[in-house]
Amino acid sequence: MSALDKKIQDYIARFSKEKLRTGDSILYAMVGISFLIAALVSLVYSYWDFSSIIWNVNDPRNAAVAIIRFVSDLLLVIIIMEVMGTVIRYLEDHKTDLRPFLNIGIVSATRGILSISAKLSVETLQGQAFADAMIELVVNVIVILVLGITLKLLSNTVDVGERKVKTPSPDRS
484 MSALDKKIQD
494 YIARFSKEKL
504 RTGDSILYAM
514 VGISFLIAAL
524 VSLVYSYWDF
534 SSIIWNVNDP
544 RNAAVAIIRF
554 VSDLLLVIII
564 MEVMGTVIRY
574 LEDHKTDLRP
584 FLNIGIVSAT
594 RGILSISAKL
604 SVETLQGQAF
614 ADAMIELVVN
624 VIVILVLGIT
634 LKLLSNTVDV
644 GERKVKTPSP
654 DRS
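Next comes the structure, spelled out in structure tokens:
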């Protein structure tokens with residue numbers, strides 16, 4: 484391969500890489516804007532749903548369900564925003580991080596617990612339905628614990644180049 488062929492090949496590689504990165508950034512930006520719209524629509528819907536239930540409450544248990552649903556809907560907005568945050572971080576640094584996804588898992592499990600609580604506050608579950616609800620509750624609690632421990636372990640590390648290094652514990656003397 485001649486020197487000219489090598490220069491042409493290098494130029495094509497650089498040009499292609501630049502265009503692909505630009506396209507990648509454009510697509511990530513479009514996805515980020517879509518998440519923003521989804522979060523806004525979800526937030527508006529949360530308020531609308533909550534207010535429509537609260538204004539027509541005949542039974543105090545329905546008010547409790549409305550509040551639990553409202554909090555669950557707000558947690559969904561937080562999940563959407565957390566995903567949007569990963570898009571923003573990718574656009575800034577062109578890197579992804581595990582921590583936001585762990586947070587999303589914790590918030591999702593919390594929503595699951597709220598969902599079970601809402602169901603149990605208005606219905607009396609018996610037999611297999613009650614057992615299933617309790618299993619789901621325990622699984623969500625275990626997910627929160629495991630992901631919380633994982634987050635704690637990750638918080639004990641810092642980025643050093645491409646390598647993770649454990650940070651020293653502060654002296655407690």
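For reference, each letter of the sequence shown is one residue, going 484 to 656 in the numbering used here.
Ideal placement from N, C-alpha and C gives every residue a C-beta, glycine not left out.
beta-carbon residue i near the ligand MG non-hydrogen atom, thresh 8 Å
| i | result |
| --- | --- |
| isoleucine 561 | This structure lacks the ligand MG; in fact it carries no ligand of any kind. |
9 Å Cβ cutoff met for residue i and residue j
| i | j | result |
| --- | --- | --- |
| alanine 601 | alanine 546 | no |
| isoleucine 599 | alanine 616 | yes |
| isoleucine 529 | valine 560 | According to the sequence shown, residue 529 is serine rather than isoleucine. Yes. Within cutoff. |
| glutamate 565 | glycine 595 | no |
| leucine 637 | arginine 582 | yes |
| arginine 544 | valine 621 | no |
| leucine 558 | valine 527 | no |
| arginine 504 | aspartate 532 | no |
| leucine 519 | methionine 567 | yes |
| asparagine 508 | leucine 574 | One detail in the question is off: residue 508 reads as serine in this sequence, not asparagine. Against a cut-off of 9 Å, the Cβ pair of leucine 574 and serine 508 comes out as a contact. |
Endpoints, the alpha helix (DSSP H) within which residue i is located
| i | result |
| --- | --- |
| glutamine 609 | From DSSP, glutamine 609 is part of no alpha helix (DSSP H); its letter is neither H nor E. |
Cβ-Cβ separation, residue j to residue i (assumed contact under 8 Å), whole Å
| i | j | result |
| --- | --- | --- |
| alanine 522 | isoleucine 563 | 4 Å |
| valine 514 | valine 570 | 6 Å |
| leucine 603 | leucine 634 | With 8 Å as the limit, leucine 603 and leucine 634 do not qualify as a contact, their Cβ atoms being about 28 Å apart. |
Could I get the ranges of all uninterrupted beta strand (DSSP E) runs contained in the stretch 486-571, with 3 residues as the minimum, in chain order?
-> Within the stretch 486-571, no complete beta strand (DSSP E) run reaches 3 residues.
Complete alpha helix (DSSP H) runs within the stretch 575-629 (minimum length 4 residues, chain order) | 582-605
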